[in-house]
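In the numbering used here, each number is its position in the sequence shown, counted from 1, plus 711.
Structure, as structure tokens:
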Amino acid sequence: MTVLLWIRFIAGIALILCGIIVFGIELFGVFKFRYVLNRMHAAAMGDTLGISLSMLGLIVLCGLNFTSLKMILVIVFLWFASPVASHMLTRFEVATNEELGRECDLSSLSQSADKADPE
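Right, dumping it as structure tokens:
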């Protein structure tokens with residue numbers, strides 16, 4: 712029984728450490744990129760993966776009980792909320808940034824806008 716507890720402990724700590732490493736890579740990406748949309752993408756993807764790995768590590772350490780069910784529900788909520796929030800912020804940036812043409816190619820943006828909004 713003690714061996715199984717040690718394996719569970721090592722697996723939980725490994726998942727938490729992987730989550731911390733993902734957060735570090737995310738932090739580097741946020742400061743490395745110049746443009747706000749690239750930074751936002753790095754932050755959103757890193758947050759989703761880092762929080763998921765860290766929470767999975769806590770679930771493994773906690774065992775299967777009601778607390779782990781709550782943590783699984785937090786992971787599911789973050790999987791839905793983070794991409795939606797990032798998409799909304801990106802749409803806001805595209806709609807309000809007048810100098811967007813200097814930073815990226817607008818031909819693909821205008822084509823997708825024409826398809827989405829026929830007048």
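Every residue, glycine too, gets a C-beta built ideally from N, C-alpha and C.
Bear in mind the structure is a predicted one, so any value in this text is a computation, not a measurement.
Collapsed DSSP secondary structure at residue i in the structure displayed
i: G761; result: helix
i: E810; result: coil
i: F739; result: helix
i: R719; result: helix
i: N776; result: coil
i: R745; result: coil
Contact test: residue i Cβ vs the ligand GDP heavy atom, cutoff 7 Å
i: Y746; result: In the structure shown, the ligand GDP is absent, as is every other ligand, since no ligand is present at all.
Residue environment, residue i, which counts as buried when at least 16 other CB atoms sit within 10 Å
i: D768; result: Note on identity: in this sequence residue 768 is Gly, with Asp being the wrong assignment. By the 10 Å Cβ count, G768 comes out buried.
i: V733; result: buried
i: F759; result: The amino acid at residue 759 is misidentified as Phe; the sequence shows Thr. T759 is buried by the Cβ-count criterion.
Close-in-space but distant-in-sequence residues of the same chain around residue i (CB under 7 Å, 5 per side omitted)
i: I783; result: I770
Residues near residue i by beta carbon distance below 6 Å, same chain, minus five either side
i: G730; result: G761, L764, S765
Is there contact here, the segment 717-725 with the segment 741-758, by at least three beta-carbon pairs under 8 Å?
-> no
Is the segment 770-779 touching the segment 796-812, taking contact as three or more C-beta pairs under 8 Å?
-> no
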